[in-house]
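Number of protein chains: 2
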Amino acid sequence: MIRAVFFDLDDTLIDTSKLAENARKNAIENMIRHGLPVDFGIAYHELLELINEYGSNFPHHFDYLLRRLDLPYEPKWVAAGVIGYHNTKIAYLKTVKGVRRTLLRLKEMGLQLGVITDGDPVKQWEKILRTGIDDYFEAVLISDSVGVKKPHRKIFEKALEMFDLKPHEAAVVGDRLYSDVYGAKRVGMTAIWFKYGKYANRELDYLEYADFTVRDLEDVVEIIRGLNSEEGSDKEVPAH
Amino acid sequence: MIRAVFFDLDDTLIDTSKLAENARKNAIENMIRHGLPVDFGIAYHELLELINEYGSNFPHHFDYLLRRLDLPYEPKWVAAGVIGYHNTKIAYLKTVKGVRRTLLRLKEMGLQLGVITDGDPVKQWEKILRTGIDDYFEAVLISDSVGVKKPHRKIFEKALEMFDLKPHEAAVVGDRLYSDVYGAKRVGMTAIWFKYGKYANRELDYLEYADFTVRDLEDVVEIIRGLNSEEGSDKEVPAH
Chain X
1249 MIRAVFFDLD DTLIDTSKLA ENARKNAIEN MIRHGLPVDF GIAYHELLEL INEYGSNFPH
1309 HFDYLLRRLD LPYEPKWVAA GVIGYHNTKI AYLKTVKGVR RTLLRLKEMG LQLGVITDGD
1369 PVKQWEKILR TGIDDYFEAV LISDSVGVKK PHRKIFEKAL EMFDLKPHEA AVVGDRLYSD
1429 VYGAKRVGMT AIWFKYGKYA NRELDYLEYA DFTVRDLEDV VEIIRGLNSE EGSDKEVPAH
Chain H
1249 MIRAVFFDLD DTLIDTSKLA ENARKNAIEN MIRHGLPVDF GIAYHELLEL INEYGSNFPH
1309 HFDYLLRRLD LPYEPKWVAA GVIGYHNTKI AYLKTVKGVR RTLLRLKEMG LQLGVITDGD
1369 PVKQWEKILR TGIDDYFEAV LISDSVGVKK PHRKIFEKAL EMFDLKPHEA AVVGDRLYSD
1429 VYGAKRVGMT AIWFKYGKYA NRELDYLEYA DFTVRDLEDV VEIIRGLNSE EGSDKEVPAH
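Protein sequence lines, in the order shown, are assigned to chains X and H. When the letters of the first sequence are read in order and numbered with my numbering, they come out as residues 1249 to 1488. When the letters of the second sequence are read in order and numbered with my numbering, they come out as residues 1249 to 1488.
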């Protein structure tokens, strides 16, 4: 019997990859519009490399971009980048298709819902609050607050503790085979791979661990319904 | 002969005080809306005290607010504060009444225009770019980039150097009696006090230094026109 479903946030509930790509492109375009003397392709490539090296939450992307492009520090260009980035982020931030219907159906079925995500806690909450999906969830677990990253056992075990559940009573839905699917399976939770976003076409070894694969988030509702209507639905999920 | 006019930014070209007040109030309101268990008046008062102690560019206002209110760190509340603050900042950021007309008239009269401001360079440029007034100015001087704050002589002298002018060929317009008016006068520039915003009703000693006082920014145009049409308009402005 599944009593709780935990969702990953980025590219599962919220369309983050597309957003980030658009935001970065608009940042570079706005910098060039305000005088950055660099070809778009070169600057964008350099920004992606920088983000790859320093991480997406590094607070000095645009300052460092100027250094890497051998340009003087010009706060006007940095400001133009910040504006282009933030305007896009706010304009395009939206939930993945079907999110609200899926969450509502699951609530109607009496399930508890949670979010399990990596990332900066304030930024993750910003996405949740800006898209207005906070009321669907009894718990939001951000791995940073626990001092680990998915697929660390601790974050999934903490999720189970919060709802006082056994592993087989919970399902995890996420787009990442390692972080979400492998992470859920190793503690004995049901894993639903959401084939979506930039990892949609990967076929990694971890794939074998997914109990279910969906391309449409709303299919999660039928999977949970099916699991809970099965005879002996309290059975342990067998280890793979 | 006045050849250049330098404007202060906050509460001279851009309505910053009102904006900051609204943004802070909306931040607290949004935090309370998302569960902050504190009375609005208490939380707002604490935030103002904190900003007073740590400065308005301190990057951890909302984290510290929770500490000062003896509350646990809750990234959801911090995110709610950030959203309330930024939404207001972007929605309400606007130029002071008459700014565009004033700048346009001065350009038509052949004057060079500049901005002389304190504050974080990227944030100041953000205000300039978001309000779209950047094209009016040949120079934007942010004191941080020079390592000083107004009324330090160096920032005003640098402004004159950039346009290759003598002090009596430049005027400064600003709302602050110490930073702008005193700062301009001590290097020999014409000082126009813009009686506006939170300092509009102050009558400090520095007042005696202002060459002109305006309550409407557009009056600057007539003042400059008057100075430049006077007989012997190349005269030194007498020291007070």
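Glycine included, every Cβ here is placed at the ideal spot set by N, Cα and C. None of the values given here were measured: they were computed from a predicted structure.
With fewer than 16 other CB atoms across the displayed protein chains lying within 10 angstroms of its CB, ALA1339/H is exposed. Around SER1477/H, the same chain offers no residue with a beta carbon nearer than 8 Å, after the five sequence neighbours per side are excluded. Nearest CB-CB separation between LYS1397/X and chain H: not below the 8 Å threshold. For the pair LEU1267/X and LEU1341/X, the CB atoms are nearer than the 8 Å cut-off.
At least one beta carbon of chain X lies nearer than 8 Å to the beta carbon of LEU1377/H. Inter-residue distance for ASP1428/H and GLY1474/H is about 21 Å (C-alpha atoms, whole angstroms). With a cut-off of 8 Å on Cβ pairs, the segment 1346-1354 of chain H is not in contact with the segment 1389-1401 of chain H, counting fewer than three such pairs.
With a threshold of 16 other beta carbon atoms within 10 Å, TYR1302/X falls short and is exposed. With 16 or more neighbouring CB atoms inside 10 Å of its own CB, MET1279/X falls in the buried class. In the DSSP assignment, LEU1317/H falls outside any beta strand (DSSP E) and carries neither an H nor an E. Relative to TYR1426/H, the option among ASP1366/H, VAL1370/H, GLU1409/H and ALA1418/H whose CA is nearest is ASP1366/H. The three-state reading of DSSP puts THR1350/H in helix, counting H, G and I together. Of all residues in the segment 1357-1377 of chain H, the ones placed with a Cβ closer than 7 Å to any Cβ belonging to chain X are PRO1369, VAL1370, TRP1373, GLU1374 and LEU1377, in chain order. Chain H has no Cβ within less than 8 Å of the Cβ of ILE1290/X.
Of all residues in the segment 1311-1325 of chain H, only PRO1323 and LYS1324 place a beta-carbon less than 7 Å from a beta-carbon of chain X. Secondary structure note for THR1365/H: its beta strand (DSSP E) is the uninterrupted segment 1360-1365. Taking the Cβ atoms as the reference, GLU1466/X lies roughly 38 Å from GLY1289/X, outside the contact range of under 8 Å. Burial is judged here by how many other beta carbons sit within 10 angstroms of a residue's own beta carbon; GLY1395/X has fewer than 16 and is exposed. Taking ARG1378/H as the centre and dropping the five residues before and after it, the same chain places the C-beta of LEU1341 closer than 6 Å to its C-beta, in chain order. When beta bridges are read from the DSSP output, ILE1381/H appears opposite no residue.
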